[in-house]
Amino acid sequence: MLLNFSKTNAFHSPLMEPMLEEFEKIANQLDYNIARIPVISNVTGTKADSSITTAKYWVDHVRQPVKFAQSMKAVQQQGIDIFLEVGPKPILLGMGRRCLPEDEGVWLPSLRPKVGEWQQILSSLSELYVKGARIDWSGFDGAYQRQKVTLPTYPFQRQRYWIESEESQLSESTVAQIADTATETLTQQLAETGNLSESELELVPKILELLKQQKLKSVTELEQKSTESDLISPSSVIDIEKLQAASAKEQKLMIVKYLQGLALKVLQLNTSEALDPHESVLELGFDSLSVVELRSKVEKQLAVTIPASLILQGPSMMELAEALVEQLTNSGSSDQTPVETKKGNAWIAYHKPKPNASTRLFCFHPWGASASMYQQWSDALPPEIEVLPIQLPGRQRRLQEKPFTDFC
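Whatever position you read off the sequence shown (first residue = 1), add 157 for the working numbering.
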């Protein structure tokens, strides 16, 4: 697998040779000490020896290729099964995870994009503690002043609990039965009062029938909304039997709901708000580590195959759901192929072709952000206008590309 990285120079390659002489002069001016904890050398892929305390070693480190996979296996052979990456975002964790057997090891980042710094640090710290690591509790936040806070005697979890209205509990058949009984009773009562003429009494059943049909329509719409809400509410589990028995449209909604709930769990986001299924997973805060974890869980529960190259491209959950539905539909075929999303022009996102369109509307985000803001425009505009949202570099599937700084 080849991954593109936005770097100013090709480190660990012959392109670094012009700076090696000057680099060695600076490296010779430093004082080195023997490491107090074991270090695995990326130059040799084995446990480092005394050569790591020389300038020559670090010159070789700049020039020679990194033996990353060999280094990861060397760490594993040392009995290490907890991996903590210290950096602004987890990159090496995703690579390291693919070097070892699946489901082996605990992989923890120190920081993660779009996740609060303290939230992520404390989350990884708690995981280390649970796994038996010795934590310096008085030192990990020693730079901050402590303040005692008087807590209430009951907990606040900030969860929302909606009360279902009684109206939503009425089924279509129940409403029809009540309406039929009420129509007969009311017609009889009006006839007994003698205040209405025969022609007026003849209109009563028709009027009541219209009211009945209107009530039935509202209850039917309410039941449909309730079903749709249940299908798209986030959940990290999915009923396989129910999924297999559902129509393709229902399968798509169920899988989107499943992916949304699973994404919240993988990203460790404690929120009742569903993630936008049209946004790229990279835009939602996934990195190489978390996106591989998402892929692994989906493959295991749905018994499908998702190529790593696909998931690392950053598809939206809607795109991934469509591909999963297609594979589940073809699961009975002997030539089952891995999940793949439709490959298109990287510049065009959320495109819905309109064959009879006479005008094409190219939409550029004014600040170079995600093209997802235009994803509903095609449905809102008439059929003679075809919308082509332009995804500029630096966002969505083009997250690894250098963004434009001006349009001059």
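Backbone N, C-alpha and C fix where the C-beta goes; we use that ideal spot for every residue, glycine too.
Here the structure is a predicted model, which is why all the values come from computation and not from measurement.
field: Whether leucine 432 touches leucine 421 by CB criterion (8 Å)
entry: Indexing the sequence shown from 1 puts residue 432 at position 275. Indexing the sequence shown from 1 puts residue 421 at position 264. Their beta carbons are under 8 Å apart, which means leucine 432 touches leucine 421 by this criterion.
message: Rounding to the nearest angstrom, what Cα-Cα distance links leucine 573 and lysine 271 in this structure?
response: This structure leaves residue 573 out entirely; the chain is present only between 158 and 565.
Beta strand (DSSP E) runs contained entirely in the stretch 201-286, provided each spans 3 or more residues: 239-242 and 263-266
field: Cβ shell of serine 170 (< 7 Å), same chain only, five flanking positions each side left out
entry: On the sequence shown, position 13 is the one that residue 170 refers to. Nothing meets the Cβ criterion.
- request: Rounded to whole angstroms, what's the CA-CA distance from aspartate 217 to aspartate 238? Just pull it up for me.
  value: Position 60 of the sequence shown, counting from 1, holds the residue named residue 217. Position 81 of the sequence shown, counting from 1, holds the residue named residue 238. One C-alpha to the other measures close to 29 Å.
query: Would the beta-carbon of glycine 262 fall within 8 Å of that of leucine 446?
result: The count along the sequence shown starts at 1 and reaches residue 262 at position 105. The count along the sequence shown starts at 1 and reaches residue 446 at position 289. Not in contact: glycine 262 and leucine 446 (Cβ atoms no closer than 8 Å).
query: With C-beta atoms as the reference, is lysine 409 less than 8 Å away from alanine 478?
result: As a first step, residue 409 must be located in the sequence shown, where it is residue number 252. As a first step, residue 478 must be located in the sequence shown, where it is residue number 321. In this structure, alanine 478 lies closer than 8 Å to lysine 409 by Cβ.
field: alpha helix (DSSP H) segment containing valine 482, residue limits
entry: Here residue 482 refers to the residue found at position 325 when the sequence shown is read from its first residue. Element bounds for valine 482: 474-486.
task: Inspect the beta-carbon positions of leucine 538 and arginine 517 and report whether they are closer than 8 Å.
output: One-based indexing of the sequence shown puts residue 538 at position 381. One-based indexing of the sequence shown puts residue 517 at position 360. Not a contact, by the Cβ cut-off of 8 Å.
- prompt: Closest Cβ-Cβ distance between serine 535 and chain B: below 8 Å?
  reply: The displayed structure is made up of one protein chain only, and chain B is not part of it.
task: Could you please give the first and the last residue of the uninterrupted alpha helix (DSSP H) stretch that includes phenylalanine 180?
output: In the sequence shown, residue 180 corresponds to position 23, counting from 1. 174-184 is the extent of the alpha helix (DSSP H) around phenylalanine 180.
- request: Would you tell me roughly how many angstroms separate the C-alpha atoms of glutamate 135 and histidine 508, rounded to the nearest one?
  value: Examination of residue 135 is not possible in this model, given that the chain is present from 158 through 565 alone.
query: Does DSSP classify valine 455 as helix, strand or coil?
result: Along the sequence shown, one-based indexing puts residue 455 at 298. In the structure shown, the three-state DSSP call for valine 455 is helix.
query: So is tyrosine 301 buried or exposed if we call it buried at 16+ other beta carbons inside 10 Å?
result: On the sequence shown, residue 301 is found 144 positions in, with the first residue counted as 1. Per the 10 Å Cβ criterion, exposed.
field: Which of helix, strand or coil DSSP assigns to serine 437
entry: In the sequence shown, counting from the first residue as 1, residue 437 sits at position 280. Note: serine 437 maps to strand in three-state DSSP.
message: Can you tell me where the alpha helix (DSSP H) holding leucine 421 begins and where it ends?
response: Looking up residue 421 in the sequence shown gives position 264. 405-423 is the extent of the alpha helix (DSSP H) around leucine 421.
Distance between glutamate 274 and proline 258 (C-alpha atoms, nearest Å): The count along the sequence shown starts at 1 and reaches residue 258 at position 101. The count along the sequence shown starts at 1 and reaches residue 274 at position 117. Approximately 30 Å between the Cα atoms of the pair.
message: Check for me: the beta strand (DSSP E) holding leucine 545 runs from which residue to which?
response: For the purposes of this step, residue 545 is taken as residue 388 along the sequence shown, with counting starting at 1. Taken as a continuous stretch (DSSP letters only), the beta strand (DSSP E) holding leucine 545 covers 542-547.
- prompt: Should methionine 474 go down as buried or exposed, given a rule of 16 or more other Cβ atoms within 10 Å for buried?
  reply: As a first step, residue 474 must be located in the sequence shown, where it is residue number 317. The residue in question, methionine 474, is buried, as its Cβ has 16 or more Cβ neighbours within 10 Å.
task: Return helix, strand or coil for isoleucine 598, following the three-state DSSP convention.
output: The chain is shown from 158 up to 565; residue 598 falls before or after that span and cannot be answered.
- request: Label lysine 559 either buried or exposed according to how many other C-beta atoms from any shown protein chain fall within 10 Å of its C-beta, with 16 as the threshold for buried.
  value: Position 402 of the sequence shown, counting from 1, holds the residue named residue 559. By the 10 Å Cβ count, lysine 559 comes out exposed.
query: In whole angstroms, what is the alpha-carbon distance linking valine 232 and phenylalanine 443?
result: For this step, residue 232 is matched to residue 75 along the sequence shown. For this step, residue 443 is matched to residue 286 along the sequence shown. Whole-angstrom Cα-Cα distance: 26 Å.
- prompt: Does DSSP put serine 307 in a helix, a strand or coil?
  reply: Numbered from its first residue, the sequence shown carries residue 307 at position 150. One point to set straight first is that residue 307 is threonine, not serine, in the sequence displayed. Note: threonine 307 maps to coil in three-state DSSP.
- prompt: Do isoleucine 542 and cysteine 520 have their C-beta atoms closer together than 8 Å?
  reply: Position 385 of the sequence shown, counted from the start, is the residue given in the question as residue 542. Position 363 of the sequence shown, counted from the start, is the residue given in the question as residue 520. No, the pair does not count as a contact, with Cβ atoms beyond the cut-off.
Whole-angstrom distance between leucine 308 and glutamate 483, CA atom to CA atom: Along the sequence shown, one-based indexing puts residue 483 at 326. Along the sequence shown, one-based indexing puts residue 308 at 151. Per the coordinates, the alpha-carbon of glutamate 483 lies some 52 Å from the alpha-carbon of leucine 308.
query: Who does phenylalanine 576 pair with in a DSSP beta bridge?
result: This structure gives no information on residue 576, because the portion of the chain shown stretches from 158 to 565.
Residues near proline 245 by beta carbon distance below 7 Å, same chain, minus five either side: Stepping through the sequence shown from its first residue, residue 245 is reached at position 88. So the qualifying residues of the chain are Leu268.
query: Alpha carbon to alpha carbon, how far is valine 448 from leucine 285?
result: Locating residue 448 in the sequence shown gives position 291, where the first residue counts as 1. Locating residue 285 in the sequence shown gives position 128, where the first residue counts as 1. C-alpha separation (whole angstroms): 21 Å.
- request: Compute the distance between the beta-carbons of proline 434 and valine 413, then report whether it is under 8 Å.
  value: Within the sequence shown, numbered from 1, the residue matching residue 434 stands at position 277. Within the sequence shown, numbered from 1, the residue matching residue 413 stands at position 256. Yes, the pair counts as a contact, with Cβ atoms nearer than the cut-off.
query: How is threonine 516 classed by DSSP in three states: helix, strand or coil?
result: Against the sequence shown, residue 516 aligns to sequence position 359. Of the three classes helix, strand and coil, the one that applies to threonine 516 here is strand, per DSSP.
- prompt: Under a three-way DSSP split, which group does isoleucine 505 fall into?
  reply: Here residue 505 refers to the residue found at position 348 of the sequence shown. Isoleucine 505 falls in the strand class under three-state DSSP.
- request: Sort Asn487, Pro540 and Ser535 by Cα distance to asparagine 513 and report the nearest one.
  value: Here the question's residue 513 lines up with position 356 in the sequence shown. With distances taken between Cα atoms, asparagine 513 lies closest to Pro540.
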